[in-house]
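J.: This is the structure I have questions about; it appears just below.
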Amino acid sequence: MSQPTIRPIAPADLAAWRPLWDGYNAFYGRSGDTALPQHITESTWRRFLDPAEPVHALVAERQGQLVGLAHYLFHRSMTRIEDVCYLSDLYTVPELRGQGLGRALIEGVCAEAHRAGVVRVYWQTHESNAAGRLLYDQVAKHHGFIVYARDASSG
């Protein structure tokens, strides 16, 4: 198989990006009745193309087809002077998994972070994502943190 091209997302990629985005969301249970509202997807897409936004997207392209995505953002940290990079979303088409696409996308995000003067890239995944964790254990260190979340309006 040919090596993928990892590149920033472009306005013309919307139609090819959307099935990847939908696949990513379905992987985490957001499909059908639990799918993200359309306005969130539209807003996310616009943010990638707005240079004033801190969110970015890379895509993996192989033989003219988009086969993976990585969404990331730069943000401040209370434990570092420089920004850090949060790799928010990583997805490759299921039929090409295990062929280096995920690794290439992670390396692409790390290269973009380095160019931006960022020294730390981090991400999270669901504990049930065994295939992803096999890769992540090869390219990064798990620091043992457990993630909690709640809606800010909850009491």
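Mapped onto the numbering used here, the consecutive letters of the sequence shown carry residue numbers -19 to 135.
Note that CB positions come from ideal geometry on N, CA and C, so glycine has one too.
In angstroms with no decimal places, state the Cα-to-Cα distance between V4 and L49.
T.: The amino acid at residue 4 is misidentified as Val; the sequence shows Tyr. Near 9 Å, if we compare the C-alpha coordinates of L49 and Y4.
J.: How far does the beta strand (DSSP E) with G48 in it extend, from its first residue to its last?
T.: Where G48 is concerned, the enclosing beta strand (DSSP E) stretches over 45 to 55.
J.: Whose CA, out of R95, T59, I126, E41, lies closest to the CA of A84?
T.: E41
J.: Between the C-alpha atoms of Y52 and D69, what's the straight-line distance to the nearest angstrom?
T.: 7 Å
J.: Return the CA-CA distance between H19 and W25, expressed in angstroms with no decimal places.
T.: Rounded to the nearest angstrom, the two C-alpha atoms are 10 Å apart.
J.: Please identify the residue among V127, P(-1), L67, Q43 whose C-alpha is closest to the C-alpha of I86.
T.: Minimum Cα distance to I86 is reached at L67.
J.: Run through DSSP, which three-state label would S23 get?
T.: helix
J.: Whose CA, out of R113, T59, P34, L81, lies closest to the CA of A93?
T.: P34
J.: On the criterion of 16 or more Cβ atoms from any shown chain inside 10 Å, does T89 qualify as buried, or is it exposed?
T.: First, the amino acid is wrong: residue 89 is Val here, not Thr. Classification for V89: buried.
J.: What are the boundary residues of the alpha helix (DSSP H) that I86 is part of?
T.: Taken as a continuous stretch (DSSP letters only), the alpha helix (DSSP H) holding I86 covers 81 to 95.
J.: Measure the Cβ-Cβ separation of E62 and G112 and say whether it is below 7 Å.
T.: no
J.: How is Y102 classed by DSSP in three states: helix, strand or coil?
T.: strand
J.: Taking Y102 as the reference, which of G80, S57, S133 has the closest Cα?
T.: S57
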